[in-house]
Amino acid sequence: MSEGLDGRGGSEGFRGSEGPEGVEDFEDEVTAYAAEVRAQLADLPLDEGAELWEDLEDHLREVAAEGAGTLRQRLGEPAVYAAELRQAAGLPEPGETAARVASPGLSFWQQLRRSARATVRDAERRIRATRAGHEVLTFLPSLRPAWWVLRAWVVVRLLEVWTADVDAWHDYSTVPKIGDNRLLGFVALAVAIPTSVYLGRRGLPGGWRRRMVFAAEGVLGVVAFGALVAGIAGDEGGSSGVPSAPWQVSYAQQQPAPGGLSENGKQITNLWVYDKDGKPLDGVFVYDQDGQPVRTATTLENGSNRFVVGDTWVDAQGQLVANRYPLQLLQTDWYEADNTPHYVTVPPPTVAVPQGVHRPSGATPSGASPTPTLNPDSPSPSVGATSATATPGGATPAQGSPQPSAPPSTPAQPGAKG
Amino acid sequence: MDSTQLLKGVLDSAVLAVLEDEDGYGYDIVRRLRVAGFEEIGDASVYGTLRRLYANGFLTSYVVPSESGPHRKYYGINASGRAQLKESTATWRTFAGAMDRLLGAQRGERI
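Quick mapping for you: the protein sequence lines, in order, are chains A and B. Residue 30 in numbering that gives the first Met the number 0 sits at position 31 of the first sequence; the count goes up by one each step and never skips. Residue 24 in numbering that gives the first Met the number 0 sits at position 25 of the second sequence; the count goes up by one each step and never skips.
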């Protein structure tokens, strides 16, 4: 430790040790000296003082990095340094400041700016007064490169929202698309990120351009923050299906019935099954790998706004059979004057069943039978078949083929039949 | 005569002139001024002058990171800085010429 490091010690003694601890001494020395200079300028209106201080520590670090001797030896007493600085920078002398604080000549906007800056800098000064706060504020600038990358991404993301057909709040990917072209998005990122980092390293321009940069970064920061919030909200809503915050409710309600079958994000409402000759099969029971009945997004229990299930089936215990396909789906066609809906059957899709040739993959099964063990609580195929024969007639026509049939005049009520 | 008093009046022009040669960071500018003959120039004066010239829009600045040691804030002169330098150069020439003639005349010399 050299004697100049306590911030008040005499000016004799040379720069501290040359050993590994020298770096820390160096930092301490710069910080201590800068603090003393600042203390001498404490009377300045906050904005003027802080503008000067902004880079003072960096500057002193530059000075200390070159040449020998302590800062105090080379630059003199902090009080003298501060006085010289004050004069050279054209700042008011200690006695004058009080008069200038009131500054009646300033316009409303100047006053506002001045007080806003003062607030920010006052806050910064308070935070820096604590050791942890000082550490954090000193560390934060090293995160700048991350922000340079992020702001470039946000710019490309904004281009994506503008040019491509994406949901601004829910469709995200690391590489945005430009005009629905992901390669273009990649190219845009490849240009934007290096440009942003280059500009960031070059530092800020002066005057009005500096303000423009700040304004633009503010906007990008808000967008980035919004994206972050939306991303978190989207993840939560997706995994639990339960809205966890009030502002998520509208999003959650747009989701079709929870659960159900979907593929690549598209809801599957019905399953159409064909045999190898292309003959449509009816009354097919579908189970998943655990023997659980497979249900489509159109649940029999509550249906959806778009579809109702025309025919429903119950097993011997009177439980709904939800996995008998294809479902007879009915879609609202028109309404009576009293809002009674009229339905038409949703027609089967046009499919071309491939005429394939069997080609074994080479792997042969061994051991356990691939037949799933059905959950005893679920309707087994045989039970389903029983219930099918016992199924009520009435207006339910759909046992034969999936072809359109005469729509019933009233919507099917879940569980109302059979 | 205390040359630091004289220097204060021309420091703006001196700093602008140094930067017109080449961009520089704070301590580098101090050193170049000292090499140019202003040996007593104080670091605080130069730094304060830089801040003021920058605030007045005569300078640009940018940070150059360095692997060894602290990053450096470079200053460069811009168009309005050059205009300012041109104006103050003219003022200085007039002033210095008048002073030279005056001092020379009193000592019986002609310049």
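Even glycine gets a Cβ: it sits at the ideal position worked out from N, Cα and C.
Closer than 7 Å at the C-beta level to chain B, one finds no residue of the stretch 216-229 of chain A.
Cβ neighbours of E159 (chain A) within its own chain (closer than 8 Å, five residues either side excluded): V165, P175, K176, I177, G184. Bridge pairing for R71 (chain B): B:V63 [DSSP]. Distance check between Q4 (chain B) and each of A:E28, A:A34, A:E83, A:G66 places A:E83 closest, using alpha-carbon atoms only.
According to the DSSP assignment, Y334 (chain A) belongs to the beta strand (DSSP E) that extends over 328-334. Counting along the chain, the unbroken beta strand (DSSP E) around H341 (chain A) starts and ends at 340-344.
Beta-bridge analysis with DSSP links I231 (chain A) to no other residue. Apart from the 5 residues on each side of it in sequence, Y334 (chain A) sits with its Cβ closer than 6 Å to the Cβ of P340 in its chain, given in chain order. Note on geometry: alpha-carbon atoms of E39 (chain B) and T173 (chain A) lie some 57 Å from one another. For Y74 (chain B), no chain A residue has a Cβ inside 7 Å of its Cβ, as the nearest lies near 10 Å away.
In this structure, A:F25 is the residue among A:R125, A:Q109, A:F25 with its C-alpha nearest to the C-alpha of T69 (chain A). Three or more beta-carbon pairs separated by less than 8 Å are not found between the stretch 138-147 of chain A and the stretch 201-212 of chain A, which leaves the two stretches without contact. Inter-residue distance for T331 (chain A) and V293 (chain A) is about 25 Å (C-alpha atoms, whole angstroms). When DSSP states are grouped into helix, strand and coil, W271 (chain A) belongs to the coil group. Nearest C-alpha to T311 (chain A) among A:Y286, A:Q288, A:G277, A:G282: A:G282.
The contact set of L32 (chain B) on chain A, defined by CB atoms closer than 8 Å, is empty, because the minimum CB distance reaches about 13 Å. Contacts with chain A at 8 Å (Cβ-Cβ) do not include A16 (chain B). Across the structure, L84 (chain B) and D170 (chain A) are spaced so that their CA atoms are roughly 55 Å apart.
Listed along the chain, the chain A residues whose CB falls inside 7 Å of the CB of S44 (chain B) are E83, A87. Neighbours of S87 (chain B) across chain A, judged by C-beta separation under 7 Å, do not exist; the nearest C-beta is about 15 Å away. For F37 (chain B), no alpha helix (DSSP H) segment is defined, and its DSSP state is neither H nor E. Below 8 Å, enough C-beta pairs join the stretch 27-42 of chain A and the stretch 52-62 of chain A to call them touching: three or more. C-alpha of R120 (chain A) to C-alpha of Y74 (chain B): approximately 24 Å in a straight line. Looking at the DSSP output, R143 (chain A) bridges to nothing.
Between P77 (chain A) and Q39 (chain A), the beta carbon gap of about 6 Å places them in contact (Cβ cut-off 8 Å).
Taking a C-beta cut-off of 7 Å against chain B, the contacting residues of the stretch 59-81 of chain A are R60, E61, V62, A64, E65, L74, Y80, listed in chain order.
Residue state for F213 (chain A) is assigned as helix, using DSSP reduced to three classes. Taking 8 Å as the CB threshold, V9 (chain B) stays off the interface with chain A. Chain A places a beta carbon closer than 8 Å to that of S60 (chain B), counting this residue as a contact. Each residue's CA atom was taken as its position, placing I76 (chain B) and R33 (chain B) some 19 Å apart. A88 (chain A) and W52 (chain A) have their alpha carbons spaced roughly 12 Å apart. With respect to the C-alpha of G36 (chain B), the residue from B:G8, B:R100, B:L52, B:A13 having the closest C-alpha is B:A13.
Of the candidates B:L15, B:D99, B:E66, the residue whose Cα lies closest to the Cα of R50 (chain B) is B:L15.
In the assembly as shown, W108 (chain A) is an exposed residue. Its beta-carbon has fewer than 16 other beta-carbons within 10 Å.
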